[in-house]
Amino acid sequence: MKSDSISPFKGKSGVRRLINAFGYSLAGYAAAFRHEAAFRQLFLLALVLVPAAFVFDVSRAERALMVASVLLTLVIELFNSAIEAAVDHTSLERHPLAGRAKDMGSAAQLTGLVIVAAVWGLILLG
């Protein structure tokens, strides 16, 4: 197959592709909310922290960093949950590589939470 060929597994193109992609994204959010307690917890945290960022007397750039750091944890959790689902789909048996993949996803989320704490701490206490 040539490198510029279109995959036969690709769906529609143009506006129809965008509409389909939007639907898949909504399904992904729904699945994360329904099946992942960590996503629900981070979503609730975002519901508190994002509006709180607008209460503090900070610059627009600082507010943007505060909001972005919180939303980043949701992105990380979506990737972490996707990794876990893919690993579990492959096999439910214990395997060092599966454990490593899940641990790295968890480490990514911990890093995201440290970023939130650092950004908010530096802005509000610095």
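Read in order, the letters of the sequence shown are residues 86 to 211 in our numbering. Here a beta-carbon is modelled for each residue, glycine too, at the ideal position from N, C-alpha and C.
- With 16 or more other Cβ atoms from the protein chains shown falling within 10 Å of its own Cβ, M151 counts as buried.
- Residue A202 holds the alpha-carbon nearest to the alpha-carbon of L157 among L207, A106 and A202.
- Note on G99: under 16 other CB atoms within 10 angstroms of its CB, so exposed under the neighbour-count rule.
- In terms of Cβ geometry, I200 and S166 do not form a close pair [threshold 8 Å].
- Taking the Cα of V172 as reference, the smallest distance to any Cα among E162, G184 and L163 is reached at G184.
- Spanning the alpha carbons of T196 and A115 requires a straight line of approximately 25 Å.
- Pairing E147 with I208 gives a Cβ-Cβ distance under 8 Å.
- Setting aside the 5 residues that flank it on each side, A123 is surrounded in the same chain by E162, N165, S166 and Q194, each with a C-beta closer than 8 Å to its C-beta; the list follows chain order.
- Pairing L182 with D188, the inter-Cα distance amounts to about 10 Å.
- Assigned with DSSP and collapsed to three states, G108 falls in helix.
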